[in-house]
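A.B. asks: Structure incoming, see below.
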Amino acid sequence: MTLATTVGTVALPAPVMTASGTAGHGTELVAYGALAALGAVVVKSLAAAPWPGNPAPRLHPAAGGGMVNHVGLQGPGVAAWREHDLPGLAASGARVVASLWGRTVDEFAEAAALLAGAPAVVAVEVNVSCPNLEDRSRMFAHSATATAEAVDACAAAGVPRWAKLSPNAGNLCEIAGAALGAGAEALTLVNTLLAAGVDVDGRRAWNGGLSGPPLHAVALRAVRDCRRAFPDAGIVGVGGVASGREALALLMAGADAVQVGTATFADPRAPWKVQGELARWCRRRRVRRLRDVVGAAA
Ligand SMILES: Cc1cc2nc3c(=O)[nH]c(=O)nc-3n(C[C@H](O)[C@H](O)[C@H](O)COP(=O)(O)O)c2cc1C
Numbered sequence: 581m582t583l584a585t586t587v588g589t590v591a592l593p594a595p596v597m598t599a600s601g602t603a604g605h606g607t608e609l610v611a612y613g614a615l616a617a618l619g620a621v622v623v624k625s626l627a628a629a630p631w632p633g634n635p636a637p638r639l640h641p642a643a644g645g646g647m648v649n650h651v652g653l654q655g656p657g658v659a660a661w662r663e664h665d666l667p668g669l670a671a672s673g674a675r676v677v678a679s680l681w682g683r684t685v686d687e688f689a690e691a692a693a694l695l696a697g698a699p700a701v702v703a704v705e706v707n708v709s710c711p712n713l714e715d716r717s718r719m720f721a722h723s724a725t726a727t728a729e730a731v732d733a734c735a736a737a738g739v740p741r742w743a744k745l746s747p748n749a750g751n752l753c754e755i756a757g758a759a760l761g762a763g764a765e766a767l768t769l770v771n772t773l774l775a776a777g778v779d780v781d782g783r784r785a786w787n788g789g790l791s792g793p794p795l796h797a798v799a800l801r802a803v804r805d806c807r808r809a810f811p812d813a814g815i816v817g818v819g820g821v822a823s824g825r826e827a828l829a830l831l832m833a834g835a836d837a838v839q840v841g842t843a844t845f846a847d848p849r850a851p852w853k854v855q856g857e858l859a860r861w862c863r864r865r866r867v868r869r870l871r872d873v874v875g876a877a878a
């Protein structure tokens, strides 16, 4: 039985990856499993320059086992990451997907140029869920044109581009089409959903991004819609995966691979656990190739 898969032109020996922002910038999870045994390690989004993120508290529980976070895109910047974090990741044998962000199209291009030639980096994930200063701080991911421009700018990295899209967009397929038209060979579906939390006793509220189990059905819908609209695109499913069954659901909906995010906060071994459960399910049902379940319920 083989778990091998491909996302666009990127061949992966296994289908489970970490989700950006939930496994650090480097080898933070190495104590819990072999990074090389996962499909890939997707690092927290990086900009051309260091960025501080938001002040604590930044993580809040939400109904249904979900989480609302407003960590912000805290990171050391691409150059420092290449110097301090990437060598360890490369030495671990992991395939690395570098997630990039920017506040302008030029900042995306700058981050991508700094990434060019980096060892072990098999793809760049273009995180367009960030405010576009050139469009009154509207999220890139809410505009087909801005998404296409950011994806295009990341060609400078010289590796395949995956566009990580927002489930807030009502016209997701239009935005996905713009990303693919600008050269993305895969879509990562989905980023967090705009949400809020309220501390009733403290009469305080916060805005942030919803992740975890409540997001799973939203991710399934995004994957199904985009698989039907773009049969040849690579698709990575992400949202509420905590066991092999959610991973299988995303694969059957049409994803070529999946990512595990919030579940890793409760159990740092979650990506390996999910992958093990997936493999056992396939063996029990005599599925010889994981590819045979991809799109089985699209
Ligand atoms: C604390 C936290 C930080 C995140 N940071 C990023 C990020 O830097 N870049 C990004 O593209 N997505 C980020 N995400 C979104 C995740 O990668 C993922 O798309 C989302 O959480 C849904 O998956 P999950 O339900 O498995 O967590 C973050 C999510 C969480 C919970």
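Going letter by letter, the sequence shown gives residues 581 to 878 in our numbering.
A virtual CB, placed ideally from N, CA and C, is assigned to each residue, including glycine.
Just so we're clear, the structure is a prediction, and the values are computed from it rather than from any experiment.
Let me check understanding here. Comparing Cα to Cα, which of Gly820, Ala802, Leu800, Leu767 lies closest to Leu547?
C.D. replies: Shown here, the chain extends from 581 to 878; a query on residue 547 therefore has no answer.
A.B. asks: Can you name the start and end residues of the alpha helix (DSSP H) that Gly824 belongs to?
C.D. replies: 824-833 is the extent of the alpha helix (DSSP H) around Gly824.
A.B. asks: Does ligand 1 have even one heavy atom less than 8 angstroms from the beta-carbon of Phe845?
C.D. replies: True, at least one ligand heavy atom lies under 8 angstroms from that Cβ.
A.B. asks: At the level of alpha carbons, what is the spacing between Gly668 and Lys853?
C.D. replies: Roughly 23 angstroms separates the two Cα atoms.
A.B. asks: Classify Glu765 as helix, strand or coil using the three-state DSSP reduction.
C.D. replies: Coil at Glu765, not helix or strand.
A.B. asks: So, at 6 angstroms on beta carbons, what are the nonlocal neighbours of Val648 in its own chain, with the 5 sequence-adjacent residues on each side left out?
C.D. replies: Around Val648: His640, Ala642, Ala775, Gly777, Gly788, Leu790.
A.B. asks: Measuring from the CB of Leu653, is there a heavy atom of ligand 1 at a distance below 8 angstroms?
C.D. replies: Yes, ligand 1 has a heavy atom inside 8 angstroms of this Cβ.
A.B. asks: DSSP state of Val780, grouped into three classes?
C.D. replies: DSSP places Val780 in coil when its eight states are reduced to three.
A.B. asks: Rounded to a whole number of angstroms, what is the C-alpha to C-alpha distance between Ala785 and Ala756?
C.D. replies: Cα-Cα distance, rounded: 32 angstroms.
A.B. asks: I'd like to check one pair, Leu680 with Glu705: are the Cβ atoms closer than 9 angstroms?
C.D. replies: Yes.
A.B. asks: In the structure shown, what three-state DSSP assignment does Arg818 receive?
C.D. replies: For the record, residue 818 in the displayed sequence is Val; it is not Arg. In the structure shown, Val818 sits in a strand (DSSP, three-state: E or B).
A.B. asks: When you compare the CB positions of Thr589 and Pro740, do they come within less than 9 angstroms of one another, or not?
C.D. replies: Yes, they are a contact pair.
A.B. asks: Alpha carbon to alpha carbon, how far is Asp836 from Pro811?
C.D. replies: The straight-line gap from Cα to Cα measures roughly 11 angstroms.
A.B. asks: Just grab the DSSP bridge partners of Thr586 for me.
C.D. replies: DSSP output for Thr586 lists Ala591 as bridge partner(s).
A.B. asks: Taking C-alpha atoms, which residue in Gly645, Gly652, Lys624 lies nearest to Ala636?
C.D. replies: Looking at the Cα atoms, Gly652 is the closest of the given residues.
A.B. asks: How about Glu608: is its Cβ closer than 8 angstroms to a heavy atom in ligand 1?
C.D. replies: Not under cutoff, so the answer is no.
A.B. asks: Quick check on DSSP: helix, strand or coil for Met773?
C.D. replies: What sits at residue 773 in the sequence shown is Leu, not Met. Strand.
A.B. asks: Where do the ends of the beta strand (DSSP E) carrying Glu705 lie?
C.D. replies: 701-707 is the extent of the beta strand (DSSP E) around Glu705.
A.B. asks: Leaving out the 5 sequence neighbours to the left and right, which residues in its chain are closer than 6 angstroms to Arg869 when beta-carbon positions are compared?
C.D. replies: Thr582.
A.B. asks: Counting C-beta neighbours from all protein chains within 10 Å, is the total for Leu752 16 or more, i.e. buried, or is it exposed?
C.D. replies: Buried: at least 16 other Cβ atoms inside 10 Å.
A.B. asks: Is the CB-CB distance between Ser746 and Val780 below 9 angstroms?
C.D. replies: No, the pair does not count as a contact, with Cβ atoms beyond the cut-off.
A.B. asks: Quick one: measure Cβ to Cβ for Gly655 and Ala627, integer angstroms, because I've assumed they're closer than 8 angstroms.
C.D. replies: With a Cβ gap of about 6 angstroms, Gly655 and Ala627 count as contacting.
A.B. asks: Compute the Euclidean distance between the alpha carbons of Gly644 and Gly792, then round it to the nearest angstrom.
C.D. replies: Approximately 9 angstroms, taken between the alpha carbons.
A.B. asks: Quick check on the DSSP output: what are the complete beta strand (DSSP E) runs of length 3 or more inside the region 590-623, in order along the chain?
C.D. replies: Here the runs fully enclosed are 590-592, 596-598.
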